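**Student:**
Residue numbers (the numbering used here): 26 to 140.
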C-alpha cells in the first residue's frame, strides 16, 4: 500500500490539468478526435513547503524514498486521493545558519494513472 503524503503546501498551489487525445485530419476537411487510453485526464501540481530544517528534512526524506518511480497517495485541492509521483525538487535555505534556519522545498506532483 502506498504511503500517504500528508504535509500541507503553502497557499495557492498551481495545478495543471490536461486531457490527452488523438486527432486525425483527413483530406476532405474531416477531423476525427478520440480519447487516448482509458485515463485521458492527468494532473500535475507545483507545490512549495516552507519550514525549519526538521520539518523540511521529513519532506525531503519522503521524496527521496519514492524517487521518480514509486507512487504515493496525495489529495489535491478540490480532488480525491490519488497516486502521484515526484522525481525532482528544489531546496532553498533562507537566512543565517543554526537550528532556526528556514527552508523552502519546491516540487511538482504528477498524477500516476495505473492501467
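Every residue, glycine too, gets a C-beta built ideally from N, C-alpha and C.
These numbers were taken from a predicted model, which means no experiment stands behind them.
Any idea if residue 47 is buried or exposed, counting beta-carbon neighbours within 10 angstroms, 16 or more meaning buried?
**Tutor:** If you number the chain shown from 1, residue 47 lands on position 22. Exposed, since its Cβ has fewer than 16 Cβ neighbours within 10 Å.
**Student:** I'd like to check one pair, residue 88 with residue 114: are the Cβ atoms closer than 7 Å?
**Tutor:** For this step, residue 114 is matched to residue 89 along the chain shown. For this step, residue 88 is matched to residue 63 along the chain shown. Their beta carbons are under 7 Å apart, which means residue 114 touches residue 88 by this criterion.
**Student:** Checking 7 Å against the spacing of the C-beta atoms, do residue 135 and residue 69 come in under that value?
**Tutor:** Residue mapping note: residue 135 aligns to position 110 of the chain shown, counting from 1. Residue mapping note: residue 69 aligns to position 44 of the chain shown, counting from 1. Yes.
**Student:** According to DSSP, simplified to helix, strand and coil, what is residue 134?
**Tutor:** Mapped onto the chain shown, residue 134 falls at position 109. Residue 134 falls in the strand class under three-state DSSP.
**Student:** Thinking just about the alpha-carbon of each residue, which of 125, 137 and 62 is nearest to the one in residue 80?
**Tutor:** Locating residue 80 in the chain shown gives position 55, where the first residue counts as 1. The shortest C-alpha separation from residue 80 is found at 125.
**Student:** Please say whether residue 130 and residue 74 have beta carbons closer to each other than 7 Å?
**Tutor:** For the purposes of this step, residue 74 is identified with residue 49 of the chain shown, where counting begins at 1. For the purposes of this step, residue 130 is identified with residue 105 of the chain shown, where counting begins at 1. The answer is yes: Cβ separation under 7 Å.
**Student:** To the nearest angstrom, how far is it from the Cα of residue 58 to the Cα of residue 77?
**Tutor:** Against the chain shown, residue 58 aligns to sequence position 33. Against the chain shown, residue 77 aligns to sequence position 52. For residue 58 and residue 77, the distance between alpha carbons rounds to 50 Å.
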